[in-house]
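Trainee: Numbered according to the working numbering, the sequence shown spans residues 38 to 221.
Cβ atoms here follow ideal geometry from the backbone N, Cα and C, with glycine treated the same way.
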Amino acid sequence: MSEIQGIFRIIQSISSPKAEPFKNWLAQVGRERLEEMIDPEKALNRSREYWQKHGRSEKWIQQRMMGQETRNKLTDYWKESGVQEGKEYAALTNIIHSEWADISVRDHKKIKGLKSQNLRDHMSEAELIFTALAELSTRQIAESGEVIGFEENKLPAKRGGKIAKDAKLALEEKTGKKVVSNEN
């Protein structure tokens, strides 16, 4: 059981009027998650509302959702090709990211001042686009070579990241502005 689950269990066990607002909130969140399991579109709409409340434009939200779909297709490929979720996914993701962005995921999060937050939720539109291009390219390269396993997927990850890096460098040259930034 996670630390957060333990806290929620303690709140549920408290028989005090002061705990009721927390219990009601937990019940509401539980109900919402069950509704989302029945109708996944509700989860997508909740995400859109969350990003809108944080001042994200419709264009950014659309790019974020498209990027997530691209990511899902890549991880689906990895899963089918024998790459293990967790550390192996993270390692391949870091290869892709380090190649296109010239910095690791960890260092990118540091630049943005993030700790446990999702980096993609704090990327600029350009960062999202280059991440998606790198992941799309990685998947297509791996698929075309019918690559299997973690070690074998490292080369497509590097090559996919390189495609996005080349595009990023071309854009930076034309605009005079760096793509990777501390902007959230």
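In whole angstroms, give me the CA-to-CA distance for E95 and Q89.
Mentor: Distance between the alpha carbons of E95 and Q89 is about 8 Å.
Trainee: Would you mind giving the Cβ-Cβ distance between A201 and A171, rounded to the nearest angstrom? I have them listed as a contact below 8 Å.
Mentor: Contact holds; Cβ gap of about 4 Å.
Trainee: Can you check whether the CB of I185 is closer than 7 Å to the CB of S118?
Mentor: Taking 7 Å as the Cβ cut-off, S118 and I185 qualify as a contacting pair.
Trainee: Under the rule that 16 or more other beta-carbon atoms within 10 Å means buried, what is M160, buried or exposed?
Mentor: It is buried - the Cβ of M160 has at least 16 other Cβ atoms within 10 Å.
Trainee: Please list the segments of the alpha helix (DSSP H) lying wholly inside the stretch 58-103, counting only runs of 4 or more residues, in order along the chain.
Mentor: As far as the stretch 58-103 is concerned, its whole alpha helix (DSSP H) runs of at least 4 residues are 78-90.
Trainee: With G43 as the anchor, note down where its alpha helix (DSSP H) starts and where it stops.
Mentor: Its alpha helix (DSSP H) spans residues 40-50.
Trainee: Please tell me whether E136 and K195 are closer than 7 Å, where the distance is taken between their beta carbons.
Mentor: For E136 and K195, yes; Cβs fall inside 7 Å.
Trainee: Just how far apart, CA to CA, sit A128 and H145?
Mentor: C-alpha separation (whole angstroms): 15 Å.
Trainee: Considering only the beta carbon of each residue, do K79 and E86 sit closer than 7 Å?
Mentor: Against a cut-off of 7 Å, the Cβ pair of E86 and K79 comes out as no contact.
Trainee: Flag this pair as yes or no: are the beta carbons of V216 and K205 separated by less than 7 Å?
Mentor: Cβ atoms of V216 and K205: closer than 7 Å.
Trainee: Note down the Cα distance separating I44 from G123, rounded to an integer number of angstroms.
Mentor: Distance between the alpha carbons of I44 and G123: 25 Å.
Trainee: Roughly how many whole angstroms lie between the Cα atoms of L81 and D158?
Mentor: Roughly 14 Å between the two C-alpha positions.
Trainee: Can you tell me whether R68 is buried or exposed, with buried defined as 16 or more other CB within 10 angstroms of its CB?
Mentor: Classification for R68: exposed.
Trainee: Would you give the residue range spanned by the alpha helix (DSSP H) that N190 belongs to?
Mentor: Run containing N190: 187-212, per the alpha helix (DSSP H) assignment.
Trainee: If you measure between the beta carbons of N131 and S141, is that distance less than 7 Å?
Mentor: Yes.
Trainee: Please list the terminal residues of the continuous alpha helix (DSSP H) segment that includes S181.
Mentor: Residues 162-181.
Trainee: May I ask you to report which of helix, strand or coil DSSP gives D139?
Mentor: Of the three classes helix, strand and coil, the one that applies to D139 here is coil, per DSSP.
Trainee: Tell me the DSSP secondary structure of E125 in three-state form.
Mentor: Helix, per DSSP.
Trainee: Taking 7 Å as the limit between beta carbons, can you name the residues of its chain near Y21, skipping five residues before and five after?
Mentor: For residue 21 there is no data in the structure shown, the boundaries of the chain being 38 and 221.
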